[in-house]
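Residue numbers (my numbering): 357 to 771. To start, the structure under review is shown below, and the notes come after it.
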């Protein structure tokens, strides 16, 4: 063989060997699966880190990072470490939510999106069409039905034919000594989440035996009222005979709740006040906020931080480590991120070494486990109904106390 040809042949062989070695090394993909290499799984998140009202879910990112960090410390998932890119901020804006989803898939090439936590999910159809496993807080209808979207505690806003979580109505019935003869007023923001919330909770409270005296999604979602009197006057006259209802239920975020609850108390309201968002010790730093939330019963769909269980102790240790070893006030957003990551990891682990979207979906079909921080989990059940577990805590004298212990309730049909 002439020398030039031998050189070319040897060079080609060297390049071939180098390419083969590169393909089997840790830094390159072992297949054509988006976001998966021989030793990593790329995951990103979408979270409302900033909003016009000042409300933030930024600690959702910390919670997810804490759970992924522990998974990596324990060796990863079937030998692969989680490469968590952090969460994109959608600013609680539909356009930015869709843009974040597109960026994570088309530019960052993630295998999965977990966590996803916002009051808008404009990117849902895109993520499902792109077959991106997505796990988040299932407070929107998008988490109920689509094949690739999972709520960490199930589908909380079901479609007709599904089921409805009764934790909130049953918990408040326990607080009030029963639902019979008791009236409730439900108020929410004028957005998709608020309208669906009013619809579902109206049915749930009626099924539990309450009279629903008022149920409206009327509060402007983009500009917080400076004067709440128009809302409080209507609410306080909505009970039987024009009296105040026994309980006022807010399906809104913290800045709105502070304004509404302060106005209710100044009007002399003495009934039960409840919401699903204000479980956050950080809120107690300001006296005005602490006063507004004092006595409020907050719905939780996970074990309270006050619970002394092995799972809760592990959660607290993981959060502290992810926060650089500092004691950090816990809040529900941390739990949202943590349990979104936890469900993704559990299903991915079951999928085995050959991780693909197809193997992930197959693992999810028939997945179940028990005793988690959100109770017993099961798929695809969780794409049709919630896992049905929760608790109520009450803020009293500057600290949260368990008012109704964590318990799982039978769901009811939703129609």
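Even for Gly, the Cβ is constructed at its ideal location relative to N, Cα and C.
Inter-residue CB distance, residue i and residue j (contact presumed, cutoff 8 Å)
i	j	result
residue 467	residue 390	6 Å
residue 653	residue 512	Going by Cβ atoms, the distance from residue 653 to residue 512 rounds to 18 Å, so no, they are not a contact pair.
residue 517	residue 494	Residue 517 to residue 494, Cβ: 17 Å. No contact.
residue 514	residue 504	In fact, because the Cβ distance is near 18 Å, the residues do not count as touching under 8 Å.
residue 556	residue 520	6 Å
residue 640	residue 754	6 Å
residue 474	residue 404	4 Å
residue 480	residue 502	7 Å
residue 739	residue 506	7 Å
residue 454	residue 478	4 Å
Residues near residue i by beta carbon distance below 6 Å, same chain, minus five either side
i	result
residue 353	Absent from the structure is residue 353, since the part of the chain shown begins at 357 and ends at 771.
residue 573	544, 546, 550, 551 and 554
residue 541	569, 570, 591, 594, 601 and 604
residue 452	446
residue 698	423
residue 765	522, 523, 526 and 744
residue 724	734
residue 380	Interpretation of residue 380 is limited by its pLDDT of 35, a score under 50 that renders its predicted location unreliable; the figure taken from the coordinates is listed afterwards. So the list is empty, once near-sequence residues are dropped.
residue 726	732
residue 561	525, 540 and 568
residue 565	535 and 536
residue 457	479, 482 and 483
residue 499	505, 507 and 511
residue 413	403, 404, 473 and 689
residue 668	659
Span of the beta strand (DSSP E), counted from its first residue to its last, around residue i
i	result
residue 631	628–631
residue 724	724–728
residue 645	Element bounds for residue 645: not the beta strand (DSSP E) but the alpha helix (DSSP H), 643–649.
residue 746	745–752
residue 398	396–403
residue 588	Looking at the DSSP string, residue 588 is not in any beta strand (DSSP E); the run it does join, the alpha helix (DSSP H), is 585–592.
residue 389	Segment: none, residue 389 is in no beta strand (DSSP E) and carries neither H nor E.
Residue j beta carbon less than 8 Å from that of residue i
i	j	result
residue 472	residue 492	yes
residue 444	residue 460	yes
residue 770	residue 746	no
residue 411	residue 610	yes
residue 400	residue 417	no
residue 532	residue 584	no
residue 656	residue 608	no
residue 729	residue 658	yes
residue 476	residue 450	yes
residue 758	residue 662	yes
residue 696	residue 470	yes
residue 713	residue 487	yes
residue 464	residue 441	yes
residue 614	residue 588	no
residue 606	residue 631	yes
Extent of the continuous alpha helix (DSSP H) to which residue i belongs
i	result
residue 543	From DSSP, residue 543 is part of no alpha helix (DSSP H) but of the beta strand (DSSP E) over 539–545.
residue 762	No alpha helix (DSSP H) holds residue 762; the beta strand (DSSP E) holding it covers 755–764.
residue 504	Neither: residue 504 is in no alpha helix (DSSP H) and is coded neither H nor E.
residue 679	Per DSSP, residue 679 belongs to no alpha helix (DSSP H) and is neither H nor E.
residue 734	Not the alpha helix (DSSP H): residue 734 falls in the beta strand (DSSP E), residues 731–734.
residue 699	688–707
residue 475	It is not in any alpha helix (DSSP H) - residue 475 carries neither H nor E in the DSSP assignment.
residue 523	523–531
residue 654	Premise fails: residue 654 lies in the beta strand (DSSP E), 653–656, not in any alpha helix (DSSP H).
residue 491	Element bounds for residue 491: not the alpha helix (DSSP H) but the beta strand (DSSP E), 490–492.
residue 716	713–720
Residues of its chain near residue i, where Cβ-Cβ distance is below 8 Å and the 5 sequence neighbours each way are ignored
i	result
residue 721	735 and 736
residue 675	418, 419, 422, 684, 686, 690 and 694
residue 752	650 and 651
residue 701	423, 424, 427, 433 and 438
residue 711	389, 392, 397, 433, 434, 436, 467 and 704
residue 767	519, 520, 521, 522, 741, 742 and 744
residue 692	413, 416, 419, 471, 473, 492, 493 and 508
residue 665	659
Chain B within 8 Å of residue i, Cβ atoms only
i	result
residue 626	The structure shown contains no chain B; it holds only a single protein chain.
Same chain, Cβ closer than 7 Å to residue i, neighbours up to 5 away in sequence not counted
i	result
residue 634	610, 613, 649, 652 and 654
What ranges does the alpha helix (DSSP H) occupy inside the stretch 602–641, keeping only unbroken runs of at least 4 residues that lie completely in it? 610–622
Worksheet entry | Secondary structure, alpha helix (DSSP H): runs of 4+ residues fully inside the stretch 415–467 | 415–429 and 450–458
**Prompt:** At which residue ranges does the stretch 540–582 contain complete beta strand (DSSP E) runs of 3 or more residues, listed in the order of the chain?
**Reply:** 567–575
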